[in-house]
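Protein chains: 2
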Amino acid sequence: MRFTSEQRLDGGVLERGVLEREFTLGEIPGILWTPEDASEPAPLILLGHPGGVHRMYPRLAARARRSVAEGFAAATIELPGSGTRPRSPAAEEARTGLRRALKAGEPVDDAIVERLVLPLVDKAVPEWRAVLDALLTLPGICGPVGYSGGVIAIGIRMAVVEPRIAAALLFAGSYVPRAMFEEARQVTVPLHVLLQWDDEGNDRQLALDLFDAFGSAEKTLHANMGGHTGVPQFEGDDAGRFFARHLR
Amino acid sequence: MRFTSEQRLDGGVLERGVLEREFTLGEIPGILWTPEDASEPAPLILLGHPGGVHRMYPRLAARARRSVAEGFAAATIELPGSGTRPRSPAAEEARTGLRRALKAGEPVDDAIVERLVLPLVDKAVPEWRAVLDALLTLPGICGPVGYSGGVIAIGIRMAVVEPRIAAALLFAGSYVPRAMFEEARQVTVPLHVLLQWDDEGNDRQLALDLFDAFGSAEKTLHANMGGHTGVPQFEGDDAGRFFARHLR
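Laid out in structure tokens, this is it:
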């Protein structure tokens, strides 16, 4: 792991300075946020997103600063095929097919979802785990580890295969192939699932079926109005309390 | 309104003494909880329940003490046909039919739900409103008013017809006749809906359809595991924050 830049973010009203460091691990770029004045190691939260770290930066940085203010470290990485990383022609084709179906108001073919999501999960999860190995060797960062956000299929696989993940906040804002429901049944960590009830780019019934499938004894669904990007601000507080309950 | 008893509850860790007063308004018995040391009027939260104030007392008192600790007053009344009040033979018959269907694992006939719920709503809502009139004349109690809990059909009607209700926390733990979905569409106040995902005495799909029907621009659904009576303790915190956002 190699750090390529470093800056201090003013804590502002959060009253805690944040150290933001960009890094690369092999071909994977990422960002790490840690408290500037850490007196003890901070449990790590992995911030998932739909791909395109620079496009997503304002929202990722806001989530990260909030996490740090609550006593955590936070990290994100670029997804395979997104941002500055080489595109996957097969994934681009599947994405085009998905968008076409959504735009036409047609049902989304599960085969398209499989072609888009399964290769992404297969590639992203080992990358996340390699980054996690590297991050946990740094001073000031510790487990247990949380996964937070999308892509929900990546969060599901991480929760199943990565024993250091102790709790996951999953954003039900993207399609999950039916083939992954069996994995969802194997998830046992506490789950906090966010669903935008009128998400224009997702299938509500699929999300509800998925929530039903999760094997976790503690699972909570929070559904709100406001479209895909309209998650209410108070959900940020609830997310913080969820991780505080399970990572401290 | 006539007060029939009065006791002081130790604030304990909540660090605020609570005055608990039983009252009657005509034939309606009820309980009012207020902060002992109120320096300014407290917004009122009406505590709904399935009927049987004495049977429900431990849970009602816990909710009330929590509300008072958060700066609210709280009140509940006995439902028509419950507790010490005269039974309705028609309601008892419908309730028996509902229980029989649930026990046999059969689909619940909407006609049974109508016979059980509609007369209850028609009678309980004017009683709640009369009690509300009386409570709001007392010193130390003010609007805006919240409705919290079951019976969900009563909460729906209250939210539609009672303009002093500014926010409602509805417990989707009992059946709502399809005839009331039109009323649900007329609800516009902020809603916080609790659903026990594996509630043995309720219909999950009905609850999800109902959540979808509500007309409110701000509506949030919190679904948890644990059966009808297993609402997790952290939901109490979320409820307090919901009312703090909307009644202060």
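So the protein lines, in turn, are chains A and B. In terms of the working numbering, the first sequence opens at residue 1 and continues consecutively. In terms of the working numbering, the second sequence opens at residue 1001 and continues consecutively. All C-beta atoms, glycine included, are put in the ideal place defined by N, C-alpha and C.
Judged by DSSP in its simplified three-state form, Arg1178/B adopts helix. Contacts with chain B (Cβ-Cβ distance below 9 angstroms) from the stretch 201-229 of chain A involve Arg204, Leu208, Phe211, Asp212, Ser216, Ala217, Glu218, Lys219, Thr220, Leu221, His222, Ala223, Asn224, Met225 and Gly226, listed in chain order. Within the stretch 19-38 of chain A, no residue has its Cβ closer than 8 angstroms to any Cβ of chain B.
For Arg1241/B, the neighbours in chain A by C-beta distance under 8 angstroms run, in chain order, Phe234 and Asp237. One alpha carbon belongs to Asp198/A, the other to Glu1027/B, and they sit about 45 angstroms apart. Excluding five sequence positions before and after Val1161/B, the CB atoms of its chain that fall closer than 7 angstroms to its own CB belong to Val1125, given in chain order. With respect to the 9 angstroms criterion, Ala1167/B and Phe1242/B are classified as neighbours on the basis of their beta carbons.
Chain A places no beta carbon closer than 9 angstroms to that of Arg1185/B, leaving this residue out of the contacts.
Among the bridge pairs identified by DSSP, Lys1219/B is matched with Leu1191/B.
Around the C-beta of Phe72/A, 16 or more other C-beta atoms lie within 10 Å, and the residue is accordingly described as buried. Put simply, the backbone Cα of Val1117/B is about 7 angstroms away from that of Val1176/B. Residue ranges of uninterrupted beta strand (DSSP E) with 3 or more members, entirely inside the stretch 94-176 of chain A and ordered along the chain, are 141-149 and 165-171.
Per DSSP, the continuous alpha helix (DSSP H) segment holding Glu235/A begins and ends at Phe234 to Leu247. By the Cβ-count criterion, Thr1229/B is exposed, with fewer than 16 other Cβ atoms from all chains shown falling within 10 Å of its own Cβ. Taking the Cβ atoms as the reference, Gly1236/B lies roughly 16 angstroms from Arg1016/B, outside the contact range of under 8 angstroms.
DSSP places Ser1067/B outside any beta strand (DSSP E); the residue lies instead in the alpha helix (DSSP H), whose first and last residues are Val1053 to Ala1069. One Cα belongs to Arg248/A, the other to Arg1157/B, and the distance between them is close to 43 angstroms.
Between the stretch 215-222 of chain A and the stretch 1209-1219 of chain B there are fewer than three C-beta pairs closer than 8 angstroms, too few to call the two in contact. Residue-level contact check: Arg1245/B touches chain A, since one or more beta carbons of chain A fall below 9 angstroms from its beta carbon. DSSP, read as helix, strand or coil, puts Phe72/A in coil. Residue environment analysis places Arg1115/B among the buried positions, since at least 16 neighbouring C-beta atoms fall within 10 angstroms of its C-beta. Cβ-Cβ separation between Ala1159/B and Val1189/B: approximately 5 angstroms, consistent with a contact (criterion under 8 angstroms).
For Leu1208/B, no beta strand (DSSP E) run applies; the uninterrupted alpha helix (DSSP H) run containing it begins and ends at Arg1204 to Ala1213, by DSSP. Under the DSSP assignment, Ala1042/B falls in the beta strand (DSSP E) whose first and last residues are Ala1042 to Leu1047. Put simply, the stretch 1130-1146 of chain B touches the stretch 1036-1045 of chain B. At least three CB pairs are less than 8 angstroms apart.
For the pair Gly150/A and Ala1038/B, the Cα-to-Cα distance works out to about 46 angstroms.
The secondary-structure analysis by DSSP pairs Thr34/A across a beta bridge with Leu19/A. When rounded, the separation of the alpha-carbon atoms in Glu92/A and Val113/A is 12 angstroms. Short of 7 angstroms from the beta carbon of Gly240/A, and not among the five residues preceding or following it, lie these beta carbons of its own chain, in chain order: Arg66 and Glu70. Pairing Gly83/A with Ser148/A gives a Cβ-Cβ distance that is not under 9 angstroms.
Within a 10 Å sphere around the beta-carbon of Thr137/A sit fewer than 16 other beta-carbons, which makes this residue exposed. Contact check for Ala134/A and Met1/A: beta-carbon distance about 4 angstroms, within the 8 angstroms limit, so the pair qualifies.
Using a Cβ-Cβ cut-off of 9 angstroms, Trp1128/B does not count as an interface residue toward chain A, since no Cβ of chain A sits closer than that to its own. Per DSSP, reduced to three states, the secondary structure at Pro86/A is coil, with no helix or strand assignment. At least 9 angstroms separates the beta-carbon of Val1231/B from that of Leu1208/B.
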